Amino acid sequence: MRIASIRSHAAAIPYKVPRVTAHEPMRGVSVVLVEVVTDAGVTGVGQIHGAPLKEICEWVARLGEIVIGMNPLEHIAVWEKLFALTCPRPGGFLAQDGLPSPLPRAARPQITAAIGGIDLALWDIKGKVAGLPVFRLLGGENRPVPAYATGGYYRDDGEPDGMAEEVASFVAKGYRAVKIKDGGGTLAEDIERARLAREAIGRDTLLLLDCTAAYDLETAIAFSRAVERYEPFWFEEPLRWYFQPADFRCLAAATSIPLAHCERDLHRFTVRDFIVSGGVRYVQFDSTRHAGFTESLRIAALAEQHGVRISPHQVPELHAHLCAAFPGASFGVESNGVPDPLWSGMYKRRAQLRDGYVHLDETPGFGIEIDWDFIKRHAA
Ligand SMILES: [Mg+2]
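Just so you know, we're using our numbering here: the sequence shown kicks off at 6 and counts up by one.
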């Protein structure tokens, strides 16, 4: 079997009300779907969440040309071939071997995203060829995978954000863990937000606080000590983007709240240092943002050996397959407490999300079927 062609399809839908974090207002939701077509008539679908969409689609096309003719079941060979293009090779600058010169540093986020989208499609193909869902290829059991509900965003239009009412509604839907956005106000306001959330959800639901990389070390320590009384389950992206594993380790030593991180990492080598340094207890690596399912598996295997749990960022219908394969090393998957309009419309079939769990089924591959008419209507 050979890879015959690779296509990408970008789609986007604006939110009626922007979802605002401490870092930015998100004004809409987008996806790049990657179709890998084989000469055996089997097609796999992967997906990418990143930006800019046009640039990512161009990288999918460019990298796709390089792997046409390869065996789609040899996902490691495909991954290694593409990732290697980001580095020098003997005489690579001359491109005499028919491959591109080492790829530009500035495009690494889009390149790793494109590799991830292709890699996910190859896993979908592998499952379809084997007649098995991905979690079964990995030896996982078909048990419901816990999902938590993300919400509690800020608003930037002066209207009340309704955070407390919203998270209470997630509990009413059956979620046993909810996450709010925090870190966008003064320290006193951020602490009060945690108190309000705890009051709204009661003592029996886990409370996850996501500060979207808002704090320096001193402020993160002050915040964590002040909110410990509200018993947060985790403190996510506590430190500013430039802080390193050593800083996370300092913070971890100063608080009893476990730290969650790594949704923005491009590959396993940076995640490794967060895991082995002992700073981070929940790893949120996102296979749809960067480097794919293959990289997620490598990270999950390492996390398990260090007593760190995986809790992949978003896309529960795909990431539940990973969690099902690492039952002793996963906390669960992230889902939107208020589903986004793209997720609600883009599938004809996917794993069901209800009562705070993802219910995988026996459909081969990732078990998804795309509504291509919907994607065309929202083409970006
Ligand atoms: Mg996050």
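From the three backbone atoms N, C-alpha and C, an ideal C-beta is built for every residue, glycine too. None of these values were measured; they are calculated from a predicted model.
- Minimum Cα-Cα distance from M6 among the listed residues L78, D278 and V232 corresponds to L78.
- Counting along the chain, E339 sits inside the beta strand (DSSP E) bounded by residues V338 to N341.
- Contact annotation: A308 and V288 have beta-carbon atoms nearer than 8 Å.
- If you check the CB distance, P263 and R286 come in under 8 Å.
- With a threshold of 7 Å, the Cβ atom of E241 counts as near ligand 1, since some heavy atom of the ligand is closer than that.
- Ranked by Cα distance from V183, the options D124, Y159, V172 and G33 are led by V172.
- For T275, no beta strand (DSSP E) run applies; the uninterrupted alpha helix (DSSP H) run containing it begins and ends at R273 to V281, by DSSP.
- With fewer than 16 neighbouring CB atoms inside 10 Å of its own CB, R110 falls in the exposed class.
- In this structure Q101 is exposed. Its beta-carbon is surrounded by fewer than 16 other beta-carbon atoms within 10 angstroms.
- In the assembly as shown, K59 is an exposed residue. Its beta-carbon has fewer than 16 other beta-carbons within 10 Å.
- As DSSP reads the structure, E241 sits in a beta bridge with D215 and A265.
- Between ligand 1 and the CB of H54, the shortest heavy atom gap is not smaller than 7 Å.
- Counting only runs that start and end inside the stretch 22 to 80, the alpha helix (DSSP H) elements of at least 4 residues fall at 58 to 72.
- Taking a C-beta distance under 8 Å as the contact criterion, A385 and A15 qualify as a contact pair.
- Taking C-beta atoms under 8 Å as the contact rule, E300 and H266 fail to qualify, at a distance of about 16 Å.
- Under the three-state reduction of DSSP, L323 is assigned to helix.
- Under the 10 Å beta carbon count, Q249 is surrounded by fewer than 16 other beta carbons and is classified as exposed.
- Rounded to the nearest whole angstrom, the C-alpha separation of C255 and D221 is 12 Å.
- Under the three-state reduction of DSSP, I373 is assigned to coil, being neither helix nor strand.
- For G284, the number of other beta carbons within 10 angstroms of its own is at least 16, and it is reported as buried.
- Of the candidates Q115, Q52 and G207, the residue whose Cα lies closest to the Cα of R67 is Q115.
- In this structure, V50 lies away from A325, with their beta-carbon atoms at least 8 Å apart.
- Burial state of W64 is buried, judged by a 10 Å Cβ sphere holding 16 or more other Cβ atoms.
- Around P237, the same chain offers L212, L214 and I262 as residues with beta carbons nearer than 6 Å, after the five sequence neighbours per side are excluded.
- In the displayed model, T155 falls within a strand according to three-state DSSP.
- Of the residues assessed, Y247 falls on the exposed side of the cut-off, its CB having fewer than 16 other CB atoms within 10 angstroms.
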